[in-house]
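The opening position of the sequence shown corresponds to residue 85 in the numbering used here, with each subsequent residue numbered one higher.
Below: the structure, in structure tokens.
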Amino acid sequence: MANLKVVVTDYVFESFDLERGVLASVPADLVVLQASSASELIPHIDGVHALLNTYLPGMDATVFDAAPELRAVVRYGIGLDTIDVPAATERGIMVANVPDYCVDEVADHALAHFLNLARKISLADGRVKKGEWSLGYVKPLVGIADMTVGVIGFGRIGRAIASRLKPFGAGVVFHDPMVSETQDGCEAVSLEQIYTDCDAIFVQCPAVPETHHLLNREAFEAMAKRPILVNAARGSIVDTDAVVWALENDLIAGAGLDVLEDEHAVLETDHPLKAFENVTLTPHSAWYSAAAIRKLQQKAAEEVARALRGERPLSLANPEVLEK
């Protein structure tokens, strides 16, 4: 009997030895592509039994219909915004992700953005290197122990951020429509309370239609305490133009952004975000460490192997597909 076939749609990895080792037990062969679009991928997936997807968008009905033997799509990552889950479910295709591979990395990275902005490290560094030695550009400064910090999204990473903030003495509240009670000593509050009561706001919710541009002009106008904003979740949750507007109007004290709506628009133009001393930008690197990338590849391959063996993936995003 011929081996099953698994295709990597796109990648950021240096080696696929981990995947090949896991899939050999199925047995399944791995084909690695670096498609730049779904249309470029389609000619290569007839007869494919599973897809491993990194960042390539458009994993939808058109792609699925081009692979009639497709059993599973597994995302190298947490978010599922590249995959049309309802379309997959309709066709009996399992969708899975890896929700727990980089919790510490993202929490640490988000906290680093926050500490940098809260203590104005990058701003002061730039001024000192220009020959300016003064407290003037550091003021005003709120001590972290005197802050109330809000976390939007209280899943694994949101809770990890909260646990890191507690030793600094900050009060931590959170908003999550799926969590209505106090957890880990953190009070559940409304989104409006996050905006009005917090000195810093961490965005750590999933990118779904309901959270698109959740942080918009209206939200920034409601922020009463000129908070620091940190987004290490998804770029689409925060309206980039609204962030610029909020900074220009002194409605927020700064922004630490690991994700952007359109990184190319920021990188390839004279974008106003790059002009602010109180903005720090990182290239969606919050998730990365050598250990995290190994864990991601291993766990994604294991989810594919489970699906191909007829088992339920541990992180199945569409359990209703099992009823089909």
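Just so you know, even glycine gets a beta-carbon here, dropped at the ideal spot from N, CA and C.
None of the values given here were measured: they were computed from a predicted structure.
- Secondary structure at His128: helix, using DSSP grouped into helix, strand and coil.
- Residue nearest to Ala122 within the set Arg378, Thr93, Ala401 is Thr93 (criterion: CA-CA distance).
- Within the stretch 283 to 341, the complete beta strand (DSSP E) runs of at least 3 residues fall at 284 to 287, 312 to 315, 338 to 341.
- Secondary-structure assignment with DSSP links Thr364 through a beta bridge to Gly340.
- For Leu400 against Ala180, the beta-carbon gap comes to about 5 angstroms, under 8 angstroms, which counts as contact.
- At a Cβ-Cβ threshold of 8 angstroms, Gly340 and His128 do not count as neighbours.
- Comparing alpha carbon positions, the residue from Arg175, Val292, Ala254, Ala306 closest to Ala202 is Ala254.
- Counting along the chain, no beta strand (DSSP E) covers Lys379; the unbroken alpha helix (DSSP H) around it starts and ends at 374 to 392.
- Put simply, the backbone Cα of Arg175 is about 8 angstroms away from that of Phe148.
- Rounded to the nearest whole angstrom, the C-alpha separation of Thr166 and Leu107 is 23 angstroms.
- In terms of CA proximity to Arg378, Phe100 leads the group Asp209, Phe100, Asp168, Ile245.
- Between the C-alpha atoms of Arg396 and Asp268 there is a straight-line separation of about 31 angstroms.
- Annotation for Asn137: the continuous beta strand (DSSP E) segment containing it runs 134 to 137.
- Under the DSSP assignment, Lys213 falls in the alpha helix (DSSP H) whose first and last residues are 205 to 213.
- DSSP, reduced to helix, strand and coil, places Ile177 outside both helices and strands of the structure shown, so it counts as coil.
- For Phe304 and Val327, the gap between their C-alpha atoms comes out near 8 angstroms.
- The DSSP-derived three-state label of Asp165 is coil.
- Excluding the 5 residues flanking it on each side, Thr232 has same chain C-beta neighbours closer than 6 angstroms at Gly255, Asp281, Cys282, Asp283, in chain order.
- For Leu207, the closest of Arg390, Gln382, Glu361 by C-alpha to C-alpha distance is Glu361.
- For Arg240, the enclosing alpha helix (DSSP H) has its first and last residue at 240 to 249.
- Taking a C-beta distance under 8 angstroms as the contact criterion, Ile177 and Val405 qualify as a contact pair.
- Excluding sequence positions up to five before and after Lys383, its CB lies within less than 7 angstroms of the CB of Val182, Tyr185, all in the same chain and listed in chain order.
- Looking at the backbone, the Cα of Asn315 and that of Asn87 are separated by about 43 angstroms.
- Our two residues, Glu302 and Gly319, have alpha carbons roughly 18 angstroms apart in a direct line.
- In terms of Cα proximity to Arg155, the closest of Ile162, Ala194, Gly163, Val169 is Val169.
- Beta-bridge analysis with DSSP links Arg159 to Asn137.
- Shortest Cα-Cα distance from Ala308 to any of Phe238, Ala194, Asn333 involves Asn333.
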